[in-house]
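Notes follow once the structure below has been shown.
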Amino acid sequence: MRLKDSVVSILIKLAMPLTLLVIWELLAIYINNPVILPRVEDVLKILLHPTVDLLGTGSLVSNALISIKRVLSGFIIASLLAVPLGILMGYFTVINALFDTVIELFRPIPPLAWVPLSLAWFGIGEVSMVFIIFIGAFFPILINTISGVKGVPKPLIEAALTLGAKKRDILIKVVIPASSPSILTGLRVGIGIAWMCVVAAEMLPGSNSGLGYLITYAYSLSRMDIVIAAMIVIGLIGLILDRGLRYIEKKYFFWRTAMK
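Residue numbers (the UniProt record's numbering): 1 to 260.
Here you go:
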């Protein structure tokens, strides 16, 4: 029975992607113009040869590795700053009052709105791209961390106080572990936005590598098969990263589901 349920679950998950592929292929045949919509097999040829150089810009693999490096750089910096600040803002009223207005002022500003300042401050190059990614990932991580800390059940804190725990012990041994699922949710959202930002950042003037640059350059030459292949790679990498964070959530925070 379990095997049957697993097979059914896999088929359900594959149903929509396969349906989209069929629709894509039928539309491509109907349109009959690879500049508008290439055939599925044309894109698959590129995906099945990820180490082949494309248009003199490097292969899918080499460009993907460059983009991954940029994403992880901006994401890690954002996490190292946003998580501690979010914990402090969520736990200490004074720190929250000090930073809240500034955070809410800058949070609605889209990451791409920072592009002119980024280019002015850091010039054309890696630092500007990482900065844009950092901006995109920082606020989702921060807000989810604050929400997680503030959402810690009061009975847990009161029980710790009853047992004689000090404020520092409550923060380290009660608040942070209890808010970890929300922090992880923020990390998942942050890594997704970081990928959106890296594609946009790699389309900026001066960029000559990465999946975003490959998409822009391929578009300028009307190679939509390469454009779609690069988009699929971005989606697959994002999916793998999200599934990794989901695995951590299920393995180490299984108690969260049990409490609901």
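Note that CB positions come from ideal geometry on N, CA and C, so glycine has one too.
Item                                                                                                                                                            : Value
What separation, rounded to the nearest whole angstrom, lies between the Cα atoms of T216 and V149?                                                             : 41 Å
Assuming C197 contacts G125 under a Cβ cut-off of 8 Å, what Cβ separation, rounded to an integer in Å, is found between them?                                   : Wrong, their Cβ atoms sit about 16 Å apart, outside the cutoff.
Compare the C-alpha of F139 against each of M129, R188, A159 and V152 and name the closest.                                                                     : R188
To the nearest angstrom, how far is it from the Cα of I77 to the Cα of I31?                                                                                     : 45 Å
Determine the direct distance from the alpha carbon of V22 to that of M16, and round the result to whole angstroms.                                             : 10 Å
Out of curiosity, what's the CA-to-CA distance linking F106 and V115?                                                                                           : 14 Å
Rounded to the nearest angstrom, what separates S207 and Y213 at their Cα positions?                                                                            : 6 Å
Got a sec? Which residues, its chain only, sit under 7 Å from I87 by beta carbon, not counting five neighbours each side?                                       : T145, V149 and I176
Using C-beta distances below 6 Å, list every residue in its chain close to L60, excluding the 5 sequence neighbours before and after it, in chain order.        : P50 and V233
Distance, Cα to Cα, R243 vs G56?                                                                                                                                : 33 Å
Using the C-alpha atoms, what's the distance from I226 back to L204?                                                                                            : 19 Å
Pull up the distance between the alpha-carbon of S73 and that of L117, whole angstroms please.                                                                  : 19 Å
Considering just the uninterrupted stretch of the alpha helix (DSSP H) at E126, what are its terminal residues?                                                 : E126 to K150
How close, in whole Å, do the beta carbons of W195 and G151 come, if the pair is a contact with beta carbons under 8 Å?                                         : At roughly 27 Å, the Cβ-Cβ gap does not stay under 8 Å, so W195 and G151 are not in contact.
Output needed for L47: all residues of its chain with C-beta closer than 7 Å, excluding positions within five of it in sequence on either side, in chain order. : A229 and I232
Just how far apart, CA to CA, sit L14 and R39?                                                                                                                  : 20 Å
Which first and last residues belong to the alpha helix (DSSP H) in which W195 is found?                                                                        : I176 to A201
Looking at F122 and S128, is the spacing between their C-beta atoms short of 8 Å?                                                                               : yes
Between the C-alpha atoms of L184 and E249, what's the straight-line distance to the nearest angstrom?                                                          : 7 Å
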